[in-house]
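Okay, structure first, notes after.
Protein chains in written order, with my numbering: chain Y, 7 to 117; chain H, 2 to 117.
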């Protein structure tokens, strides 16, 4: 059974700080790892990673995957209050058609 | 382009009743997935449909069922509701590539079900 563990469970930072969110996984036949941001209801897509060592970047957010050590990190630099959300990590295996989600990291950014 | 639309947004039922939730995917998306989100268990996969066929099912009892119509709209049904079925039910659509993998999911706002 596929498994995804995220850490920390929650964290509180101040605007301008840099944060690193962690995601480790166990999956039988890895296809991809995805990051989502959930503010109120609908999770919104951030990144999809399939190859080790290649950083994906979008503005202040970046993510990288290590397929040897089975983990990924999501970095947010110069955090803003609008970054406050639950960040979800999910993996997809080669059987496809479903994602296994971690429990999420709740980030609160204080002014 | 309209996003994923779920109805109803909120509903309250009592134990033993049944409920049907509806999901309209993004136009052109043929894959629809359903997830249950609870504070204790997080997001858990229920099932996925592609071209009216259920391709995968999560570890939920048979009380949870779904279907997809020819226009890709999907419904899920929960019969004999239990208190533990109270959750946010999220529908997501995607446009799988040739490999028919899930790829990026586009989520709806969800249907929040409360069972009393």
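Glycine included, C-beta positions come from ideal geometry on N, C-alpha and C.
Closer than 9 Å to the CB of residue 61(H) there is not a single CB belonging to chain Y.
Excluding the 5 residues flanking it on each side, residue 58(H) has same chain C-beta neighbours closer than 6 Å at 48, in chain order.
Remark: C-beta atoms of residue 84(Y) and residue 24(Y) approach each other more closely than 9 Å. Not one beta carbon of chain Y lies nearer than 9 Å to the beta carbon of residue 17(H). Annotation: Cβ neighbours of residue 51(Y) in chain H (cutoff 9 Å, chain order): 105, 106, 107, 108. A distance below 9 Å separates the beta carbons of residue 13(H) and residue 117(H). Only residues of its own chain outside the window of five on either side were considered, and among them 14, 16, 17, 18, 19, 20, 116 have a CB closer than 7 Å to the CB of residue 82(H), listed in chain order.
For residue 51(H), the enclosing beta strand (DSSP E) covers residues 43-51.
Residue 103(Y) reaches chain H at 49, 56, 57, 103, counting residues in chain order whose Cβ is nearer than 7 Å. Residue burial is scored here from C-beta neighbours: residue 29(H) has fewer than 16 other C-beta atoms within 10 angstroms and is therefore classed as exposed. Each residue's CA atom was taken as its position, placing residue 40(Y) and residue 52(Y) some 7 Å apart. Contacts with chain H (Cβ-Cβ distance below 9 Å) from the stretch 58-82 of chain Y involve no residue at all.
Secondary-structure assignment with DSSP links residue 113(H) through a beta bridge to 11(H), 89(H).
Residue contact with chain H for residue 42(Y): present (Cβ-Cβ distance below 9 Å to some residue of chain H). Less than 9 Å divides the Cβ of residue 105(Y) from the Cβ of residue 34(H). Looking at the DSSP output, residue 30(H) bridges to nothing. With fewer than 16 other Cβ atoms from the protein chains shown falling within 10 Å of its own Cβ, residue 46(Y) counts as exposed.
By the CB criterion at 9 Å, residue 8(H) and residue 112(H) fall inside the cutoff.
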